[in-house]
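**Q** Take this structure first; my questions come after.
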Amino acid sequence: RRLLATELHDQEIIVVSNREPYLHERDGDRIVVRRPASGLVTAIEPVMRACSGTWIAHGSGSADRESVDDHDRVRVPPGEEDYTLRRLWLTEDEEQGYYYGFANEGVWPLCHAAHVRPVFRESDWRRYRAVNRRFAEAVVVEARSEDPVVLMQDYHFALLPAMLRELLPRATIITFWHIPWPSPESFGICPWSQELLRGMLGSTILGFHTKHHCRNFMETVDRQLEARIEHEHDTISHEGKETLIESYPISIEWPSPEVCAAWPAAKLCRERVFARFGLRSDARLAAGVDRFDYTKGILERLHAVERMLEKYPEWTGRFGFVQIAAPTRSALEEYRAFQARIESVTERINTRFGREDYRPVHLVAEHHDQDALIELYRAADACVVTSLHDGMNLVSKEFVAARDDERGVLVLSRYAGAAREMTEALIVNPYHVEETADALQRAITMPAEEQRVRMASLRDTVREYNVYRWAGRMLSDAARVRVRERIADRV
Ligand code: GDG
Numbered sequence: 249r250r251l252l253a254t255e256l257h258d259q260e261i262i263v264v265s266n267r268e269p270y271l272h273e274r275d276g277d278r279i280v281v282r283r284p285a286s287g288l289v290t291a292i293e294p295v296m297r298a299c300s301g302t303w304i305a306h307g308s309g310s311a312d313r314e315s316v317d318d319h320d321r322v323r324v325p326p327g328e329e330d331y332t333l334r335r336l337w338l339t340e341d342e343e344q345g346y347y348y349g350f351a352n353e354g355v356w357p358l359c360h361a362a363h364v365r366p367v368f369r370e371s372d373w374r375r376y377r378a379v380n381r382r383f384a385e386a387v388v389v390e391a392r393s394e395d396p397v398v399l400m401q402d403y404h405f406a407l408l409p410a411m412l413r414e415l416l417p418r419a420t421i422i423t424f425w426h427i428p429w430p431s432p433e434s435f436g437i438c439p440w441s442q443e444l445l446r447g448m449l450g451s452t453i454l455g456f457h458t459k460h461h462c463r464n465f466m467e468t469v470d471r472q473l474e475a476r477i478e479h480e481h482d483t484i485s486h487e488g489k490e491t492l493i494e495s496y497p498i499s500i501e502w503p504s505p506e507v508c509a510a511w512p513a514a515k516l517c518r519e520r521v522f523a524r525f526g527l528r529s530d531a532r533l534a535a536g537v538d539r540f541d542y543t544k545g546i547l548e549r550l551h552a553v554e555r556m557l558e559k560y561p562e563w564t565g566r567f568g569f570v571q572i573a574a575p576t577r578s579a580l581e582e583y584r585a586f587q588a589r590i591e592s593v594t595e596r597i598n599t600r601f602g603r604e605d606y607r608p609v610h611l612v613a614e615h616h617d618q619d620a621l622i623e624l625y626r627a628a629d630a631c632v633v634t635s636l637h638d639g640m641n642l643v644s645k646e647f648v649a650a651r652d653d654e655r656g657v658l659v660l661s662r663y664a665g666a667a668r669e670m671t672e673a674l675i676v677n678p679y680h681v682e683e684t685a686d687a688l689q690r691a692i693t694m695p696a697e698e699q700r701v702r703m704a705s706l707r708d709t710v711r712e713y714n715v716y717r718w719a720g721r722m723l724s725d726a727a728r729v730r731v732r733e734r735i736a737d738r739v
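Written as structure tokens, this is what we have:
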């Protein structure tokens with residue numbers, strides 16, 4: 249956090265993302281504030297609290313417009329008011345075309361190797377372009393200087409960097425792509441692939457979670473555009489503008505001693521969670537926490553649980569798997585069908601292995617508050633992350649951060665960016681049911697000393713490479729580039 253403050257000096261910071269960090273929702277007569285289930289929000293929010301500034305996002309809470317007098321702008325977090333949240337209101341057509349259509353039916357499956365076919369509609373593309381333009385104009389309205397540092401977030405805004413570069417040529421534009429970047433062949437099927445690449449290359453810095461995603465991006469540009477690629481410096485020069493392509497593995501805010509002191513003891517968490525799900529006191533508990541998304545490997549996880557119960561029948565009656573699945577994008581048919589499938593597989597496993605007073609799988613398709621997630625992380629013998637493809641995955645890091653008792657085992661997909669750093673987890677190929685089932689068995693039978701050694705080492709990594717380091721590295725690279733550009737301007 250200190251490093252971040254040094255990097256920022258008095259620099260103006262503007263964040264642009266689709267998702268807003270605080271939603272105002274109507275609950276009967278009251279308006280309540282909710283934090284959305286989003287890895288992006290989890291990561292950026294502490295950075296914004298540290299540096300003040302303005303966050304521009306799509307206002308989507310049911311009571312956002314009623315929440316404050318100037319309903320376009322609100323100071324957040326509620327009660328602390330560290331920074332400004334500027335909301336942009338989208339029409340239903342805009343939301344449908346830009347968000348659900350192009351971003352989530354097009355780019356999301358395009359970038360994730362989860363075997364879901366992307367859908368590209370001309371009308372969605374037009375709306376995506378128009379909404380990117382609206383956000384670019386909003387940045388210009390909010391900017392107090394001609395050279396702010398603008399942090400663009402994610403695949404909703406691939407066109408925005410180049411649009412903003414035209415409007416604010418002296419801005420430092422840092423774009424962070426939170427999802428994987430696929431191979432050039434996979435990306436090439438998008439009818440507007442070149443426009444997307446040109447848009448992104450308006451950035452001063454373009455960040456991905458891993459080196460592998462950076463390499464894929466550079467190869468994609470190499471195949472599709474006339475550009476100079478300098479692998480030695482990790483830069484791409486296109487139409488007279490240079491972009492640094494760099495990996496910045498995202499992370500979480502490491503909990504302070506005060507935060508940890510306020511957590512209920514792990515034993516108490518266990519008692520509460522076991523009571524909630526009707527588990528015997530000698531049972532083992534594995535947990536999953538995800539947005540209810542087809543990329544997260546929830547189906548493969550259930551197959552592994554089923555196989556484990558089949559292969560190690562001694563666990564029947566003594567093992568519970570709790571899956572929190574926060575509702576997401578349910579307006580899309582693909583998501584509804586996926587969610588229905590998971591419900592039916594859950595039921596099948598419960599019918600097969602359950603008894604009158606015992607259900608092995610508990611699927612809770614509801615948004616939970618953060619305290620409830622911490623309680624579950626602290627109660628579990630194992631946290632299971634089996635993403636089919638995931639830029640990073642923050643749940644794995646949150647689980648580790650919650651385990652100050654140095655107990656619990658992380659089972660982690662090799663296809664999550666997190667697997668590159670979190671090598672002391674039990675790394676699995678989620679498509680390999682047998683391997684994942686055996687990893688589960690190993691996790692819930694791991695001796696305490698081995699758990700401690702693995703967990704302590706994972707905790708060192710996440711504590712050290714926390715979200716402030718992620719932002720600090722990006723901002724210090726930006727400061728370096730800025731100085732170089734200013735000198736070049738003068739020459
Ligand atoms: C994208 C990339 C990358 C989940 N359920 C609830 C809830 N959550 C929170 C988790 C975590 C976040 O949502 C999910 O973060 P992930 O990183 O696992 O995944 P995505 O949302 O897909 O995030 C991902 C990330 O961006 C950051 O760059 O790591 O690869 O796909 O923080 O705790 N939070 C609450 N209630 C829930 O029910 N409050």
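Numbering (UniProt numbering), first residue to last: 249 to 739.
Here a beta-carbon is modelled for each residue, glycine too, at the ideal position from N, C-alpha and C.
Predicted model only: the values in this text are computed from it and were never measured.
Between L407 and E595, what straight-line distance do the alpha-carbon atoms span, to the nearest angstrom?
**A** Residue 407 sits at position 159 when you count from the first residue of the sequence shown. Residue 595 sits at position 347 when you count from the first residue of the sequence shown. When rounded, the distance between both Cα atoms is 43 Å.
**Q** Please look up how many angstroms separate the CB atoms of R313 and E268, rounded, as I've assumed it's under 8 Å.
**A** For the purposes of this step, residue 313 is taken as residue 65 along the sequence shown, with counting starting at 1. For the purposes of this step, residue 268 is taken as residue 20 along the sequence shown, with counting starting at 1. Their Cβ separation, rounded to whole angstroms, is 13 Å, which puts R313 and E268 out of contact at 8 Å.
**Q** Spatial neighbours of P409 within its chain, please: CB distance less than 7 Å, with the 5 preceding and 5 following residues excluded, ordered by chain position.
**A** The residue you call residue 409 lines up with position 161 of the sequence shown. Answer for P409: M400, I421, T423, G447, M448, G450, S451, listed in chain order.
**Q** Please name the residue, chosen from D638, R700, A664, V632, that lies closest to D686 on a Cα-to-Cα basis.
**A** Here residue 686 refers to the residue found at position 438 of the sequence shown. If we check each option's Cα against that of D686, V632 comes out closest.
**Q** Output the distance between the C-alpha atoms of V729 and A291, rounded to the nearest integer angstrom.
**A** In the sequence shown, the residue the question calls residue 729 occupies position 481. In the sequence shown, the residue the question calls residue 291 occupies position 43. Rounded to the nearest angstrom, the two C-alpha atoms are 24 Å apart.
**Q** So, helix, strand or coil for W373, using DSSP?
**A** The sequence position of residue 373 within the sequence shown is 125, counting from 1. Correct three-state label for W373: helix.
**Q** Suppose you measure from the CA of T339 to the CA of G565; what does that come to, to the nearest Å?
**A** By 1-based counting over the sequence shown, the position of residue 339 is 91. By 1-based counting over the sequence shown, the position of residue 565 is 317. If I take the Cα positions, the gap works out to 51 Å.
**Q** Between which residues of its own chain and V609 is the CB-CB distance below 6 Å, once the five residues before and five after are set aside?
**A** The residue given as residue 609 occupies position 361 in the sequence shown. If we look at V609 and ignore the five residues flanking it on each side, its Cβ neighbours are F569, T594, I597, N598.
**Q** Quickly, what does DSSP pair C631 with across the bridge? List them, please.
**A** Along the sequence shown, one-based indexing puts residue 631 at 383. According to DSSP, C631 bridges with A535, L658.
**Q** Going by beta-carbon coordinates alone, are A704 and E669 separated by less than 8 Å?
**A** Translated into positions along the sequence shown, residue 704 becomes position 456. Translated into positions along the sequence shown, residue 669 becomes position 421. No, the pair does not count as a contact, with Cβ atoms beyond the cut-off.
**Q** Using alpha carbons as the reference points, say which of N380, A362, R382, E353 lies closest to F368.
**A** To locate residue 368, count along the sequence shown from 1; it is residue 120. Comparing Cα positions, the closest option is E353.
**Q** For a test of your reading of the model: does the CB of M296 fall under 7 Å from any non-hydrogen atom of the ligand NAD? Yes or no.
**A** In the structure on display, the ligand NAD does not appear, and the ligands it does have are the ligand GDG.
**Q** The ligand GDG and L688: does the residue's C-beta get closer than 7 Å to at least one heavy atom of that ligand?
**A** Residue 688 sits at position 440 when you count from the first residue of the sequence shown. No, since every heavy atom of the ligand GDG falls outside the 7 Å radius drawn around the Cβ of L688.
**Q** If you draw a straight line from the alpha carbon of G307 to that of F540, how long is it in whole angstroms?
**A** Mapped onto the sequence shown, residue 307 falls at position 59. Mapped onto the sequence shown, residue 540 falls at position 292. Rounded to the nearest angstrom, the two C-alpha atoms are 22 Å apart.
**Q** Less than 8 Å between C-beta atoms, sequence neighbours within five positions excluded: which residues of the same chain meet that for Q618?
**A** Locating residue 618 in the sequence shown gives position 370, counting from the first residue. Within the same chain, Q618 has close Cβ partners R283.
**Q** How big is the Cα-Cα spacing for A650 and L642?
**A** As a working note, residue 650 is residue 402 in the sequence shown. As a working note, residue 642 is residue 394 in the sequence shown. Whole-angstrom Cα-Cα distance: 12 Å.
**Q** Spell out a yes or no on whether the segment 428 to 437 and the segment 460 to 478 are touching, meaning 3 or more CB-CB pairs, one atom from each, closer than 8 Å.
**A** Because the criterion of three Cβ pairs below 8 Å is met, the segment 428 to 437 and the segment 460 to 478 touch.
**Q** Out of L473, P512, F465, point me to the one whose CA is closest to H479's CA.
**A** What you label residue 479 is simply residue 231 of the sequence shown in a count that begins at 1. It is F465.
**Q** For H616, is the beta carbon positioned less than 7 Å from some heavy atom of the ligand GDG?
**A** Within the sequence shown, numbered from 1, the residue matching residue 616 stands at position 368. Under cutoff, so the answer is yes.
**Q** Where does T491 sit, in a helix, a strand or coil, going by DSSP?
**A** Mapped onto the sequence shown, residue 491 falls at position 243. It is a strand residue.
**Q** Could you please give the first and the last residue of the uninterrupted alpha helix (DSSP H) stretch that includes Q699?
**A** Here residue 699 is taken as the residue at index 451 of the sequence shown, counted from 1. Run containing Q699: 696 to 712, per the alpha helix (DSSP H) assignment.
**Q** Counting C-beta neighbours from all protein chains within 10 Å, is the total for G488 16 or more, i.e. buried, or is it exposed?
**A** In the sequence shown, counting from the first residue as 1, residue 488 sits at position 240. Exposed is the call here.
**Q** Roughly how many angstroms lie between the CA atoms of A673 and L271, to the nearest whole one?
**A** Taking the first residue of the sequence shown as position 1, residue 673 is located at position 425. Taking the first residue of the sequence shown as position 1, residue 271 is located at position 23. Cα to Cα, A673 sits roughly 34 Å from L271.
**Q** Name the two residues that bound the continuous alpha helix (DSSP H) containing L611.
**A** On the sequence shown, residue 611 is found 363 positions in, with the first residue counted as 1. First-last for L611: 609 to 612, but that is the beta strand (DSSP E), not the alpha helix (DSSP H).
**Q** Quick check on the DSSP output: the beta strand (DSSP E) that includes M400 runs from which residue to which?
**A** Here residue 400 corresponds to residue number 152 of the sequence shown, with the count starting at 1. Element bounds for M400: 397 to 401.
**Q** Can you determine whether any heavy atom of the ligand GDG sits closer than 7 Å to the C-beta of E646, and answer yes or no?
**A** Sequence index remark: in the sequence shown, residue 646 carries index 398 (1-based). Within the cutoff, so yes.
**Q** Let's test the definition: count the other Cβ atoms within 10 Å of the Cβ of H363 and tell me whether it reaches 16, buried, or not, exposed.
**A** Taking the first residue of the sequence shown as position 1, residue 363 is located at position 115. H363 should be labelled exposed.
**Q** Can we count H426 as close to the ligand GDG, meaning its CB is less than 7 Å from some heavy atom?
**A** As a first step, residue 426 is located in the sequence shown; it is residue number 178 there, counting from the start. Yes, the ligand GDG has a heavy atom inside 7 Å of this Cβ.
**Q** First and last residue of the alpha helix (DSSP H) that includes D275?
**A** Residue mapping note: residue 275 aligns to position 27 of the sequence shown, counting from 1. First-last for D275: 271 to 275, but that is the beta strand (DSSP E), not the alpha helix (DSSP H).
**Q** Check whether the segment 531 to 545 touches the segment 574 to 586, counting contact only when three or more Cβ pairs, one atom from each stretch, lie closer than 8 Å.
**A** Contact between the segment 531 to 545 and the segment 574 to 586 is present, because at least three Cβ pairs lie under 8 Å.
**Q** Quick check: does the Cβ of T634 come within less than 7 Å of any heavy atom belonging to the ligand GDG?
**A** Position 386 of the sequence shown, counted from the first residue, corresponds to residue 634. No - the ligand GDG has no heavy atom lying nearer than 7 Å to the Cβ of T634.
**Q** Measuring CB to CB, does S571 end up less than 8 Å from V612?
**A** Taking the first residue of the sequence shown as 1, we reach residue 571 at position 323. Taking the first residue of the sequence shown as 1, we reach residue 612 at position 364. Reading off the sequence, residue 571 comes out as Gln, not Ser. Yes, the Cβ-Cβ distance between Q571 and V612 is below 8 Å.
**Q** Return yes when at least one heavy atom of the ligand GDG lies under 7 Å from the C-beta of T290, else no.
**A** Counted from its first residue, the sequence shown places residue 290 at position 42. Yes - the ligand GDG has a heavy atom lying nearer than 7 Å to the Cβ of T290.
**Q** Please report how far the alpha carbon of A384 lies from the alpha carbon of E682, in whole angstroms.
**A** Taking the sequence shown and counting its residues from 1, one reaches residue 384 at position 136. Taking the sequence shown and counting its residues from 1, one reaches residue 682 at position 434. The straight-line gap from Cα to Cα measures roughly 49 Å.
**Q** Given that a residue counts as buried once 16 or more other Cβ atoms are within 10 Å of its Cβ, and exposed if not, what is R476?
**A** Walking along the sequence shown from the start, residue 476 turns up at place 228. So R476 counts as exposed.
**Q** Please report the straight-line C-alpha distance between N714 and D372, rounded to a whole angstrom.
**A** Numbered from its first residue, the sequence shown carries residue 714 at position 466. Numbered from its first residue, the sequence shown carries residue 372 at position 124. Straight-line Cα distance between these residues: approximately 36 Å.
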